[in-house]
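Participant: If you read the sequence shown in numbering that gives the first Met the number 0, its first letter stands for residue 0, the second for the next number, and so on.
C-beta: ideal position from N, C-alpha, C; glycine also.
Note that the structure is a prediction, hence the values are computed from the model and not measured.
Following this message is one structure expressed as structure tokens.
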Amino acid sequence: MSVLYFIGLGLSKKFLTQASVDSIKRADVVYFDSYTSISCDITIDYLKEISGKDIILANRSTLENNSTRILQILDQGKSVAILSIGDSMIATTHVSLAVEAKNRGHEIVVIPGISVQCYIISKSMLSSYKFGRAVTLVYPYEGKLDTTTYDVILNNSRSNLHTILFLDIKDGKPMSAKEAIKYLIQMEEEKQGNIITDNSWLIVGQRLGCDDEEVKSMTVKEALEYNFRDPPHIIIIPSKNLHYMEVEAIKCLH
Numbered sequence: 000m001s002v003l004y005f006i007g008l009g010l011s012k013k014f015l016t017q018a019s020v021d022s023i024k025r026a027d028v029v030y031f032d033s034y035t036s037i038s039c040d041i042t043i044d045y046l047k048e049i050s051g052k053d054i055i056l057a058n059r060s061t062l063e064n065n066s067t068r069i070l071q072i073l074d075q076g077k078s079v080a081i082l083s084i085g086d087s088m089i090a091t092t093h094v095s096l097a098v099e100a101k102n103r104g105h106e107i108v109v110i111p112g113i114s115v116q117c118y119i120i121s122k123s124m125l126s127s128y129k130f131g132r133a134v135t136l137v138y139p140y141e142g143k144l145d146t147t148t149y150d151v152i153l154n155n156s157r158s159n160l161h162t163i164l165f166l167d168i169k170d171g172k173p174m175s176a177k178e179a180i181k182y183l184i185q186m187e188e189e190k191q192g193n194i195i196t197d198n199s200w201l202i203v204g205q206r207l208g209c210d211d212e213e214v215k216s217m218t219v220k221e222a223l224e225y226n227f228r229d230p231p232h233i234i235i236i237p238s239k240n241l242h243y244m245e246v247e248a249i250k251c252l253h
């Protein structure tokens, strides 16, 4: 029986756990998920250095559409590790591969890492009990803007819940907060649910886990004029009805 490891690397080198490093060293074949997220300092060269392993850079097609090769390696009696920035099972679709490998008799080991989702919740100081469904804001496809993000924000807002927006990565280019906000404004113009206005509050996390990270609250109008740092970015849309301590938290971050 072979082992399929799903290893979360955390957001940056300082959050990489010993459990993650040890598990990478145990694997015969190591893939690095290059499409889910990016880090300011965890690179393929760094991973090779600390593990002494050859690392295969894997895109979405490798891990999702062409996973047969990974299953064949496991069937040959070798162990495989799939590395992801953050946490392996948050904002990824590795579960189907895990299930298929398990059904073939292989062991599944998940090594959690600090995810951007739990990190931004802590940094925002908003109530962790008041977060609704998270959603990824994706780049337009063939000129068409997917408004699923808007619908999720609207539904969460109606339930007085905060919304975390993960931002898309396309062809290695991460979406910036300013791009995302402009897309949200376009969605508002189309859907007219009155949830994205000039005075709507946002919390924007920039380069989380890095030495130059920043978490700031601002209005939509302020965000359009703000000089953001380089991505990766993440956004929280707070609920309309805030507890008084959440109001104070937002003031602290402004």
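1. Alpha helix (DSSP H) containing L3: first to last residue?
2. According to the Cβ coordinates, are S175 and H105 closer than 8 Å?
3. Do you know offhand how far V134's Cα is from T162's?
4. Whether or not the segment 24 to 37 and the segment 130 to 145 are in contact is what I'm after, with contact meaning three or more pairs of Cβ atoms, one per stretch, closer than 8 Å; do they touch?
5. According to the Cβ coordinates, are V246 and A222 closer than 8 Å?
6. Can you grab the Cα-Cα spacing for the pair L125 / N240, in whole Å?
7. Should A100 and I89 be called a contact, given that it needs their Cβ atoms to be closer than 8 Å?
8. Per DSSP, what are the beta-bridge partners of M174 in this structure?
9. Helix or strand or just coil, what does DSSP make of K143?
10. Hey, R68 and Y34: beta-carbon distance below 8 Å or not?
11. Only counting the same chain, and skipping five residues up and downstream in sequence, which positions put a Cβ closer than 6 Å to that of A80?
12. DSSP state of V94, grouped into three classes?
13. Using the Cα positions of H253 and V2, report the straight-line distance between them to the nearest angstrom.
14. Could you give the DSSP three-state label for F165: helix, strand or coil?
15. I'd like the span of the alpha helix (DSSP H) that includes A244, first residue to last.
16. Alpha carbon to alpha carbon, what distance is there between I180 and M217?
17. Where does the unbroken alpha helix (DSSP H) through Q116 begin, and where does it stop?
18. Taking the Cβ atom as the reference point for each residue, do P230 and P139 lie within a distance shorter than 8 Å?
19. Tell me which same chain residues have a C-beta within less than 7 Å of the C-beta of W200, skipping the five on either side of it?
20. So what's F14 in DSSP terms, helix, strand or just coil?
21. Quick check: the Cα distance between N154 and N193, rounded to an integer number of angstroms?
22. Look at I84 and I41 and say whether their C-beta atoms are less than 8 Å apart.
23. Looking at the strands, I want to know which residues DSSP matches up with F31.
24. Assuming I43 and L56 are in contact, meaning their beta carbons sit under 8 Å apart, how far apart are those beta carbons, in whole angstroms?
Facilitator: Answer, in terms of the structure:
1. Here the question's residue 3 lines up with position 4 in the sequence shown. No alpha helix (DSSP H) holds L3; the beta strand (DSSP E) holding it covers V2 to G7.
2. Translated into the one-based positions of the sequence shown, residue 175 becomes position 176. Translated into the one-based positions of the sequence shown, residue 105 becomes position 106. It is not a contact, given that the beta carbons lie outside the stated cut-off.
3. Taking the first residue of the sequence shown as position 1, residue 134 is located at position 135. Taking the first residue of the sequence shown as position 1, residue 162 is located at position 163. Rounded to the nearest angstrom, the two C-alpha atoms are 8 Å apart.
4. With a cut-off of 8 Å on Cβ pairs, the segment 130 to 145 is not in contact with the segment 24 to 37, counting fewer than three such pairs.
5. What you label residue 246 is simply residue 247 of the sequence shown in a count that begins at 1. What you label residue 222 is simply residue 223 of the sequence shown in a count that begins at 1. 8 Å or more divides the Cβ of V246 from the Cβ of A222.
6. Taking the sequence shown and counting its residues from 1, the one referred to as residue 125 is at position 126. Taking the sequence shown and counting its residues from 1, the one referred to as residue 240 is at position 241. Distance between the alpha carbons of L125 and N240 is about 12 Å.
7. The sequence position of residue 100 within the sequence shown is 101, counting from 1. The sequence position of residue 89 within the sequence shown is 90, counting from 1. A100 is not a Cβ neighbour of I89, given a cutoff of 8 Å.
8. Working through the sequence shown from its first residue, we reach residue 174 at position 175. Here M174 is not bridged, per DSSP, to any residue.
9. Position 144 of the sequence shown holds residue 143. Of the three classes helix, strand and coil, the one that applies to K143 here is strand, per DSSP.
10. For the purposes of this step, residue 68 is taken as the residue at position 69 of the sequence shown. For the purposes of this step, residue 34 is taken as the residue at position 35 of the sequence shown. No, the Cβ-Cβ distance between R68 and Y34 is not below 8 Å.
11. Start at 1 with the first residue of the sequence shown, and residue 80 comes out as number 81. Here the set comprises Y4, I6, I23, A26 and V29.
12. Taking the first residue of the sequence shown as 1, we reach residue 94 at position 95. Here V94 sits in helix by DSSP.
13. Numbered from 1 along the sequence shown, position 254 holds the residue referred to as residue 253. Numbered from 1 along the sequence shown, position 3 holds the residue referred to as residue 2. Straight-line Cα distance between these residues: approximately 47 Å.
14. Here residue 165 is taken as the residue at index 166 of the sequence shown, counted from 1. If DSSP states are grouped into helix, strand and coil, F165 belongs with the strands.
15. Here the question's residue 244 lines up with position 245 in the sequence shown. The question names Ala, yet the displayed sequence has Met at residue 244. Per DSSP, the continuous alpha helix (DSSP H) segment holding M244 begins and ends at Y243 to L252.
16. As a working note, residue 217 is residue 218 in the sequence shown. As a working note, residue 180 is residue 181 in the sequence shown. Distance from the CA of M217 to the CA of I180, rounded to the nearest whole angstrom, comes to 12 Å.
17. By 1-based counting over the sequence shown, the position of residue 116 is 117. Note, Q116: alpha helix (DSSP H), V115 to S123.
18. Counting from one through the sequence shown, the residue named residue 230 turns up at place 231. Counting from one through the sequence shown, the residue named residue 139 turns up at place 140. Not closer than 8 Å, so no.
19. Within the sequence shown, numbered from 1, the residue matching residue 200 stands at position 201. Excluding the 5 residues flanking it on each side, W200 has same chain C-beta neighbours closer than 7 Å at S216, T218, P237 and I249, in chain order.
20. On the sequence shown, residue 14 is found 15 positions in, with the first residue counted as 1. F14 carries a helical assignment under DSSP once its states are collapsed to helix, strand and coil.
21. Numbered from 1 along the sequence shown, position 155 holds the residue referred to as residue 154. Numbered from 1 along the sequence shown, position 194 holds the residue referred to as residue 193. Each residue's alpha carbon lies about 12 Å from the other.
22. The residue labelled residue 84 in the question sits at position 85 within the sequence shown. The residue labelled residue 41 in the question sits at position 42 within the sequence shown. A contact, by the Cβ cut-off of 8 Å.
23. Along the sequence shown, one-based indexing puts residue 31 at 32. Answer by DSSP bridge pairing, in chain order: L56 and L82.
24. Locating residue 43 in the sequence shown gives position 44, where the first residue counts as 1. Locating residue 56 in the sequence shown gives position 57, where the first residue counts as 1. 6 Å between Cβ atoms; contact.
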